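Q: Read in this note's numbering, the sequence shown has 65 at position 60, and its numbers run on one by one without any break. The C-beta atom is built at its ideal place from N, Cα and C for all residues, glycine as well. Here the structure is a predicted model, which is why all the values come from computation and not from measurement. One structure follows; several queries about it will come next.
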Amino acid sequence: MKKQLIIFGITLCMACQRDAPSVQPVSAPDAANVIAGTYTANISRLPDVKSYPINGKTITFQIERIAADTVRVRVQAPANGFYSPARDTTYNKVYVLTKSQGYYLTLETDPTQPNNQLGSELVIAAPVLPATAPNWASYVFLPPGYKLGRVSAEFTKTK
């Protein structure tokens with residue numbers, strides 16, 4: 006047992022790296038231009054992991070640059086039970102909040118909830134060098150009639 010603890014301790018110390026280089030996102034003074042494009046749903050993780058299309062249907066959204074920090078978002082989401090917000094919607098003026106982890110777009114808010122928590126939003130992962138554009142996003146939404154919170158779908162950039 007003592008020998009195993011010593012080997013475990015040595016392995017643990019060797020696994021740690023001090024000052025390891027961290028991967029930093031590509032800086033984007035024109036965030037809207039970086040995230041512009043078409044994204045298609047590929048995975049839903051709740052309640053189980055499922056790949057889109059689910060029941061022959063999928064969700065897509067298109068982001069169009071309006072200004073350096075503002076976009077227009079068109080969501081195409083046919084009714085699909087738990088796996089879709091069940092409506093096509095255009096958000097004409099959405100502010101892009103840029104953080105080191107990625108880009109955050111609040112599409113809708115719910116003023117009846119604390120801090121407008123039950124709205125819908127997009128989170129787009131920041132591109133990591135050498136890439137210059139993101140290729141992953143998460144769309145958080147409230148399915149019609151669902152009362153247990155929001156669900157999310159993961160997307161990949163297709164155009």
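Hey, could you find the ends of the beta strand (DSSP E) residue 142 is sitting in?
A: Here the beta strand (DSSP E) through residue 142 covers 141-146.
Q: Under the three-state reduction of DSSP, which class applies to residue 38: helix, strand or coil?
A: It is helical.
Q: Once DSSP output is grouped into helix, strand and coil, what is the label at residue 27?
A: For residue 27, the predicted structure reports a pLDDT of 42, less than 50, and the residue's modelled location is therefore unreliable. The matter cannot be settled from this model.
Q: Which residue or residues does DSSP assign as beta-bridge partners of residue 79?
A: DSSP lists 67 and 95 as partners of residue 79.
Q: Give me the residue from 163, 64, 98 and 101 with the minimum Cα distance to residue 84.
A: Residue 64 is the option with its Cα nearest to residue 84.
Q: Kindly identify the DSSP beta-bridge partner or partners of residue 160.
A: DSSP output for residue 160 lists 46 and 142 as bridge partner(s).
Q: Give the DSSP-derived three-state secondary structure of residue 88 in the structure shown.
A: Looking at residue 88 - three-state DSSP - the assignment turns out to be helix.
Q: Rounded to the nearest angstrom, what separates residue 62 and residue 131 at their Cα positions?
A: Approximately 27 Å, taken between the alpha carbons.
Q: If residue 50 and residue 157 are in contact, beta carbons under 8 Å, what's the gap, nearest whole angstrom?
A: Indeed they touch by this definition, with Cβ atoms about 7 Å apart.
Q: Per DSSP, what kind of secondary structure is residue 62 in: helix, strand or coil?
A: Correct three-state label for residue 62: strand.
Q: In chain order, what residues of the same chain have a beta carbon less than 6 Å from the beta carbon of residue 111, not counting five sequence neighbours either side?
A: Once the five neighbours on either side are set aside, the close Cβ partners of residue 111 are 126.
Q: Figure out for me which residue from 60, 147, 107 and 150 has the closest Cα to the Cα of residue 40.
A: When each option's Cα is compared against that of residue 40, the closest is 107.
Q: Between the alpha carbons of residue 144 and residue 36, how many angstroms are there, rounded?
A: Distance between the alpha carbons of residue 144 and residue 36 is about 18 Å.
Q: Skipping 5 residues on each side, what residues in its chain have a beta carbon closer than 6 Å to that of residue 95?
A: Correct list, in chain order: 79.
Q: Note down the Cα distance separating residue 13 from residue 34, rounded to an integer number of angstroms.
A: Residue placement at residue 13 cannot be trusted, given a pLDDT of 45 that sits under 50; what the coordinates show is reported in the next sentence. The straight-line gap from Cα to Cα measures roughly 46 Å.
Q: Throw me the rounded Cβ distance for the residue 163 and residue 141 pair, which I believe falls under 8 Å.
A: That pair is no contact at about 12 Å.
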